[in-house]
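Following: one structure in structure tokens, then a few remarks.
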Amino acid sequence: MNRVGRVERVTKETSVLVEINLDGTGQVDVATGVGFYDHMLDQLGRHGLFDLTVKTEGDLHIDSHHTIEDTALALGAAFKQALGDKVGIYRFGNCTVPLDESLAQVTVDLSGRPYLVHTEPEKMAPMIGEYDTTMTRHILESFVAQAQIALHVHVPYGRNAHHIVECQFKALARALRYASEKDPRAAGILPSTKGAL
Ligand SMILES: [Mn+2]
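For the sequence shown, the tail end lands on 488 under my numbering, and the numbers increase by one without skipping.
Okay, structure coming up:
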């Protein structure tokens, strides 16, 4: 049975719909109105092998902040919903992804507790199209808060802003895939000595 999540989040600032299937094939249908963000969410689905639908209508006449943040919140909530009881999953995942001169190292624990550690080069172009590059950390914070996972993302080096951000999303996708996949040796087993995740 496929593990799916569906979240609708409506405020005066944004209207967001996210649907995710963790056991998908990387079919992605994403439209947030922020081109580069769509490109990043496309990476998340494709490299996570998640089927992912994201439809956001936000207050882009102000700027892209609410649109980006609220989409990340809904995505985190949908991911948590799709994980369900977490029985039989690997729980931990990590992946290191280079993108030309940039490198991202991502490690995740689907722990039930939100915690983010994030480092990336301080010197980076401030904007990629309509995407403010300081939003990457804000996206991760928002996703982590709702998904309730521990997430460590490091970019020890990189120069081009597009590359620096994109390698983080690719590595995040793959780490989430590894952590959320079913471990064939652990069928029916919850990966926690505490008895809860
Ligand atoms: Mn904010």
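Note that CB positions come from ideal geometry on N, CA and C, so glycine has one too.
Keep in mind the model is a prediction, meaning the values are calculated, not measured.
Please name the residue or residues paired with residue 386 in a DSSP beta bridge. According to DSSP, residue 386 bridges with 397.
Give every residue of the same chain whose Cβ lies closer than 7 Å to the Cβ of residue 489, excluding the five residues on either side of it in the sequence, and list them in chain order. Absent from the structure is residue 489, since the part of the chain shown begins at 292 and ends at 488.
Compute the Euclidean distance between the alpha carbons of residue 456 and residue 430, then round it to the nearest angstrom. 11 Å
Quick check on this structure: which residue in 296, 293, 382, 418 has the alpha carbon closest to the alpha carbon of residue 442? 382
Please classify residue 406 as buried or exposed, where buried requires at least 16 other C-beta atoms within 10 Å of its C-beta. Answer is exposed; the Cβ neighbour count stays below 16.
When the Cα of residue 362 is compared with those of 426, 389, 387, 440, which residue comes out closest? 426
Is residue 354 helix, strand or coil when you go by DSSP? coil
Start-to-end residues for the beta strand (DSSP E) that takes in residue 300: 295-301
Name the residue from 380, 437, 396, 392 whose alpha carbon lies nearest to the alpha carbon of residue 404. 437
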